[in-house]
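Heads up: the structure comes next, in structure tokens.
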Amino acid sequence: MGFDNEPMARLAEQRLREQGIPCLTRSLRGGPGLWGSSFNLPHEILVFETDEMKARDLLELPPLEIAERQRGETGAAQQGLDRRLLITGVVIAFVVVALILQI
């Protein structure tokens, strides 16, 4: 079960624990050592398979098959955005290096 940031994942984790569902929160892209804080990175909550449907019902999340299908539809757009960000980063790096070499 994925969440956009740590606070939302922690709220869901707290709600699951209150209902007696053991769970674990994990950062998906790095962690505290990467940028000093992982609060704004995507997180997921891991639960036992036997508790998954109960947890999804409690958190009002769609079944895994529907969530994967929706993610697949938005995944192509996300890949295009990632590629554009990478190209922009490379261009900025070249400009910075060119400016430094001129000094």
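Just so you know, we're using the numbering used here here: the sequence shown kicks off at 1415 and counts up by one. Each residue gets a CB set at the ideal place from its N, CA and C atoms; glycine is no exception. The structure presented is a predicted model; accordingly, all values stated were derived computationally and were not measured.
| Query | Result |
| --- | --- |
| Length of the line joining the Cα atoms of P1456 and A1469 | 19 Å |
| Three-pair Cβ contact test at 8 Å for the region 1494-1510 versus the region 1461-1468 | no |
| Residue environment, I1501, which counts as buried when at least 16 other CB atoms sit within 10 Å | exposed |
| L1478, buried or exposed, once every other Cβ within 10 Å from all chains shown has been counted against 16 | exposed |
| Sequence-distant residues of its chain with Cβ nearer than 8 Å to R1431 (five each side left out) | C1437 |
| Cβ-based burial, F1417 [other Cβ within 10 Å; buried from 16] | buried |
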